[in-house]
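For reference, the structure discussed in these notes is given below.
Numbering (my numbering), first residue to last: 41 to 372.
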């Protein structure tokens with residue numbers, strides 16, 4: 041029986057070239073508590089250099105028109121427009137049988153990949169990459185490597201701002217994993233509500249591999265081997281430094297959460313100074329900023345998914361998600 045790496049490579053080989061980065065994720069790749077079926081769907085994301093050409097090749101040259109919903113009848117231009125202008129910059133084809141497995145794959149342009157990882161424009165793909173993934177194709181590309189690293193550093197910074205002065209490694213990882221679920225309507229309808237705990241609990245060592253190198257070089261953060269807890273300096277200047285190093289879009293949404301209708305782009309720095317001086321409410325304010333980003337992107341991307349999947353696949357996929365949610369509820 042082929043191992044997982046071989047299966048992932050075979051699946052990737054069936055798609056057009058022009059992929060800058062490819063990774064697989066989810067319960068089909070990483071085991072999760074209460075969700076260990078070997079038939080779980082494999083989820084992929086392809087970062088694509090020329091989106092329109094890639095979809096044209098995928099629909100016609102590589103004979104995969106059946107992967108697409110009725111949207112393909114409008115041509116590659118419409119698909120690219122739908123991918124880039126709505127939701128979180130991703131176009132997903134789902135419930136596709138390949139190599140004896142059921143897969144879902146999303147495509148995103150390089151520009152939108154960098155926009156989300158560096159600025160948290162949607163905190164959608166960036167949030168996915170806060171969790172462990174399996175890279176299927178990762179060439180030497182300094183821009184991509186830099187964006188991946190910046191995204192992980194931003195995740196640690198945002199999580200620290202949401203945590204108390206003392207916390208365990210598990211609490212840190214739960215905070216990181218939960219960043220992109222803040223405000224996600226799917227956590228209310230369609231997802232197992234214990235999903236965050238399951239992701240971290242089942243993949244704790246993978247989280248350590250991702251984040252321990254960052255934590256060991258993180259200023260104003262110390263690990264107490266006696267209590268097995270981290271201690272972070274929460275002086276105002278330290279908190280301000282962290283706020284100022286957050287992705288630009290999160291800074292904007294934090295300022296909007298504080299200022300409301302009176303928000304001005306030019307006032308962001310002054311608002312962050314004010315937030316840094318309010319130790320009691322700072323975590324809550326940062327979470328409001330996260331929620332504001334995620335709420336919009338999760339809704340619009342899911343609505344786009346109805347178009348890209350088509351009616352029948354949407355019903356099947358939604359039923360599978362609801363089954364997971366109910367299973368998680370009854371296992372509690």
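C-beta atoms are modelled at their ideal positions from N, C-alpha and C, and glycine is treated no differently. Quick caveat, the model's predicted, so the values are computed rather than measured.
Alpha-carbon to alpha-carbon, residue j and residue i
i	j	result
residue 66	residue 156	19 Å
residue 55	residue 270	45 Å
residue 230	residue 221	Residue confidence for residue 230 is low, a pLDDT of 47 falling below 50, so the modelled location carries little weight; the figure read from the coordinates is stated next. Rounded to the nearest angstrom, the two C-alpha atoms are 13 Å apart.
residue 111	residue 133	11 Å
residue 310	residue 299	11 Å
residue 213	residue 207	10 Å
residue 275	residue 171	29 Å
residue 140	residue 278	52 Å
residue 247	residue 264	19 Å
residue 244	residue 57	34 Å
residue 256	residue 249	12 Å
residue 124	residue 79	31 Å
residue 158	residue 174	21 Å
residue 190	residue 302	31 Å
residue 51	residue 242	25 Å
residue 307	residue 319	20 Å
residue 372	residue 72	Note that residue 372 scores 45 on pLDDT, short of 50, meaning its location in the model is unreliable; the coordinates nonetheless yield the value given after this. Distance between the alpha carbons of residue 372 and residue 72 is about 15 Å.
residue 43	residue 49	10 Å
residue 144	residue 349	10 Å
residue 367	residue 135	With a pLDDT of 48 at residue 367, under the threshold of 50, the modelled position of this residue cannot be trusted, and the question is left open.
residue 325	residue 131	32 Å
residue 94	residue 317	49 Å
residue 289	residue 329	9 Å
residue 215	residue 150	28 Å
residue 105	residue 334	31 Å
From the options, residue whose alpha carbon lies closest to that of residue i
i	options	result
residue 47	100, 142 and 112	142
residue 259	248, 272, 159 and 154	272
residue 184	265, 133 and 61	61
residue 342	80, 266, 146 and 64	146
residue 165	307, 84, 138 and 100	84
residue 293	52, 312 and 99	312
residue 45	203, 177, 89 and 235	177
residue 113	125, 124 and 100	100
residue 261	196, 125 and 303	196
residue 252	150, 344 and 192	192
residue 291	315, 302, 268 and 301	315
residue 239	211, 295 and 266	211
residue 344	121, 81 and 152	121
residue 92	82, 118, 327 and 126	118
residue 138	326, 283 and 82	82
residue 63	179, 127, 151 and 106	179
residue 327	296, 346 and 339	296
residue 236	149, 186 and 167	167
residue 282	268, 181, 198 and 182	198
Span of the beta strand (DSSP E), counted from its first residue to its last, around residue i
i	result
residue 138	131-138
residue 108	It is not in any beta strand (DSSP E) - residue 108 carries neither H nor E in the DSSP assignment.
residue 175	174-177
Those residues which DSSP pairs with residue i across a bridge
i	result
residue 149	88
residue 272	261
residue 65	83
residue 144	83
residue 95	Looking at the DSSP assignment, residue 95 forms no beta bridge with any residue, so it has no partner.
residue 49	In the DSSP output, where bridge partners are listed per residue, residue 49 has none listed.
residue 206	271
residue 59	88
Cβ separation of residue i and residue j, assumed to be a contact under 8 Å, to the nearest whole Å
i	j	result
residue 96	residue 116	5 Å
residue 169	residue 200	Not quite, the Cβ-Cβ distance comes to about 18 Å (not below 8 Å), so this is no contact.
residue 87	residue 69	Actually they are not in contact, since the Cβ atoms of residue 87 and residue 69 sit about 17 Å apart, beyond 8 Å.
residue 223	residue 332	7 Å
residue 194	residue 162	Contact doesn't hold; Cβ gap of about 14 Å is too wide.
residue 202	residue 323	5 Å
residue 129	residue 152	3 Å
residue 340	residue 126	6 Å
residue 109	residue 347	7 Å
Host alpha helix (DSSP H) of residue i (start-end)
i	result
residue 298	288-299
residue 323	322-349
residue 243	Counting along the chain, residue 243 falls outside any alpha helix (DSSP H), and DSSP gives it neither H nor E.
residue 317	Counting along the chain, residue 317 falls outside any alpha helix (DSSP H), and DSSP gives it neither H nor E.
residue 116	116-125
residue 167	165-168
CB contact below 7 Å: residue i versus chain C
i	result
residue 179	Checking the listed chains, one finds no chain C in this structure; it contains a single protein chain.
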